[in-house]
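J.: Got a structure for you, questions after.
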Amino acid sequence: MSARRPIPTDNGSNGTRPPGAKRRAFLVGIALSGRPADEAEDHLNELAALADTAGAEIVGRAIQARKAPDPRLFVGPGKAAEIADEAKRLGTEVVVFDEDLSGSQAKNLEEILKLPVVDRSGLILEIFERRARSREARTQVELARLRYELPRLARKWGHLSRQVGGIGVRGGEGETQLEADRRVLRRRIEKLEEELVRIDRMRRQQRRGRAELPVVALAGYTNAGKSTLFNRLTRDQTVAEDRLFATLDSRLRRGALDGDTWPVLFADTVGFIRKLPHHLVASFRSTLGEVVEADLVLHVVDRSHPGWEEQQSVAEEVLAALDVDPERVLVAYNKADRLPPGEIVEPDALAVSALTGEGLDELRSAIADRLTRLRALPRSAAGRLPTAPGIP
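Residues in the sequence shown are numbered from 665 upward in steps of one, following my numbering.
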C-alpha cells in the first residue's frame, strides 16, 4: 500500500553484496536563475550528507540550470534521459532529488530512470524513522510519514482506474484499491493525532509542574552543536554524536547560572533544516513545544559553516513560524575554535566553543541577564504552535 521509497542498507541476502553494504545513490538538483552561483552546489552537498546519514553511498550527481522546475519531470526531458544513462553506467540503485516531488513527477521519473526515486522530504523522513527511539518520536514520525504519503498514493495505484462495481457505486466491491488505502491511512492518521493530543496534554502537565524553574531551550540548524553545548551547560560528560538529526526527542536537564547559584532547566531539541517538511513540523508539535514554551530560546549557530548565514536564516524562519517572540531568542555563535581571531564581528555576538569551553562563562552571564529582563515582562500571546489538521 505504501508509496515509500526507503534507502536501506543491503542485508546481503541477495548474494551480490556483503551485509551492510550501502545503497548506491545518484543526487539531482537544479540551479534556479537569479540565485547565487554556488547555492545549488551547497544544497546538493547538504543532500549528500542527508543521503549518507540515511545509509547511502553517493556515486554521482547532476545539477541543471533552469528558470523553474519542470512540472512533469522536475528536470527537463533531455536531462532526465541523460541522468538515466549516467545512473545506469554507475550502477545506481536509487535517485535522490533535492526538492519535494509531486506523485506524478516521481512516477514519470521512475518510468524514465527505471530506478526508485526519493525526494528531499522522503529522505528526511527516512532519517527520522531510523533515529526515532521513544514512543513519542515513533508516533510523530509515523504521523509525518502518513501525511506525506496520503496525497501520493495515486503514484502506486494510478493503474487502477476502474471500479470493480458500476458507476456511482460507493464502498464495498465498488471501491478501488486506491480509495480503500486512502480510507485506511486517514483512519490511522486520526488515531495517531489522538495519541499525540494525549502526549501533548501530558507534556503540558509536566511543564506546569516545573514552572518554578526557568527553561532555556537550545534550538537551531541540525548539527550546529546544540547537543554538545547542552552537555557543557549541564555538565554532562556524554559525547554528542556528530551527525545530522542526532536528537529527535527533547532532553531536559538541570544546569546553573551566576556561579551555580541560579538553577535553570536546559532543553535540547530536534534540529531544523532547509525546506523542513511542514508535515514534520506539524507532527512534532509536542517536541517543539519545548521551544515554544521556553522562557528563553538559545539559537545555536555553527559559525564555522560556510553557509552559516543561510542556516541562521532558516532557523529564524522556523522560530517565526512557531510564533516565538524574538525578544525571547538569544543567538550563540558556536564552533568559534575553528575560526581565526576576529572572524566574528557581528554586534554583541556571543562567540562560544562547546568543544573547548571558550566563551561559556560569557554565555551563562548573557543567559542570566536576558532571563532577568524577561522574567520582569508579562508573558505575551506568542508561543503558540501553528494549527494543523487534526491538532487543536
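Ideal Cβ placement from N, Cα and C applies to all residues, glycine included.
(1) Which residues mark the beginning and the end of the beta strand (DSSP E) in which Ala931 is found?
(2) Tell me whether Asn887 sits in a helix, a strand or coil according to DSSP, three-state version.
(3) In whole angstroms, what is the alpha-carbon distance linking Leu856 and Thr925?
(4) Does Ala1007 come out as helix, strand or coil in the three-state DSSP assignment?
(5) Would the beta-carbon of Lys752 fall within 9 angstroms of that of Gln728?
(6) Is it buried or exposed for Arg826, if we count other Cβ within 10 angstroms and need 16 for buried?
(7) Checking 9 angstroms against the spacing of the C-beta atoms, do Ala881 and Ala931 come in under that value?
(8) Do you know offhand how far Leu807's Cα is from Glu705's?
(9) How is His942 classed by DSSP in three states: helix, strand or coil?
(10) Kindly indicate which residue of Asp734, Asp716, Arg992, Pro1005 has the alpha-carbon position closest to the one of Leu1035.
(11) Excluding sequence positions up to five away, which residues of its chain have a Cβ less than 7 angstroms from the Cβ of Leu940?
(12) If contacts are defined as beta-carbon pairs under 8 angstroms, then Gly810 and Asp845 qualify, I think. What distance do you get, rounded to the angstrom?
(13) Where does Arg699 fall in DSSP's three states?
(14) Please state whether DSSP places Glu1057 in a helix, a strand or coil.
(15) What residues in its chain sit with their C-beta under 6 angstroms from that of Ala1015, if we drop five residues either side in the sequence?
(16) Going by DSSP, what residues sit across from Val692 in a beta bridge?
(17) Excluding the 5 residues preceding and the 5 following Asp734 in the sequence, name in chain order all residues of the same chain whose CB lies nearer than 7 angstroms to its CB.
(18) Give the straight-line distance between the Cα atoms of Ala920 and Leu897, rounded to the nearest whole angstrom.
(19) Tell me which residues share the same chain as Leu754 and place their Cβ nearer than 8 angstroms to its Cβ, disregarding the 5 neighbours each side in the sequence.
(20) On the three-state DSSP scale, how would you describe Gly919?
(21) By the three-class DSSP mapping on this structure, what secondary structure does Ala712 have?
(22) With distances taken from CA atoms, which of Glu843, Asp1025, Leu929 is nearest Leu877?
(23) Return the bridge partner residues of Val956 from the DSSP annotation.
(24) To the nearest angstrom, how far is it from the Cα of Lys890 to the Cα of Arg917?
(25) When we look at the beta-carbon of Lys686 and count the other beta-carbons within 10 Å, is it buried (16 or more) or exposed?
(26) Just to confirm, is the Cβ distance from Phe948 to Ala883 under 9 angstroms?
T.: Concretely, from the data shown:
(1) 926–932
(2) coil
(3) Straight through space, the alpha carbons of Thr925 and Leu856 are spaced by roughly 43 angstroms.
(4) The amino acid occupying residue 1007 in the given sequence is Glu; Ala does not appear at that position. In this structure, Glu1007 counts as coil in the three-state DSSP scheme.
(5) no
(6) Any reading at Arg826 must be qualified, since the residue scores a pLDDT of 39, below 50, and its modelled position is unreliable; no value is offered.
(7) yes
(8) 32 angstroms
(9) helix
(10) Arg992
(11) Cβ neighbours of Leu940 beyond the five flanking positions: Val982.
(12) Per the sequence presented here, residue 810 reads as Leu, with Gly not at that position. Not quite, the Cβ-Cβ distance comes to about 11 angstroms (not below 8 angstroms), so this is no contact.
(13) coil
(14) Outside the shown range of the chain (665 to 1056) lies residue 1057, about which nothing can therefore be said.
(15) Contacts found: Tyr997, Ala1000, Ile1008, Gly1023.
(16) Ala726, Phe761
(17) Gly740
(18) Here the alpha carbons of Leu897 and Ala920 stand approximately 8 angstroms from one another.
(19) Arg688, Phe690, Val723, Gly724
(20) If DSSP states are grouped into helix, strand and coil, Gly919 belongs with the strands.
(21) If DSSP states are grouped into helix, strand and coil, Ala712 belongs with the helices.
(22) Leu929
(23) For Val956, which the question treats as bridged, DSSP gives no partner whatsoever.
(24) 14 angstroms
(25) buried
(26) no
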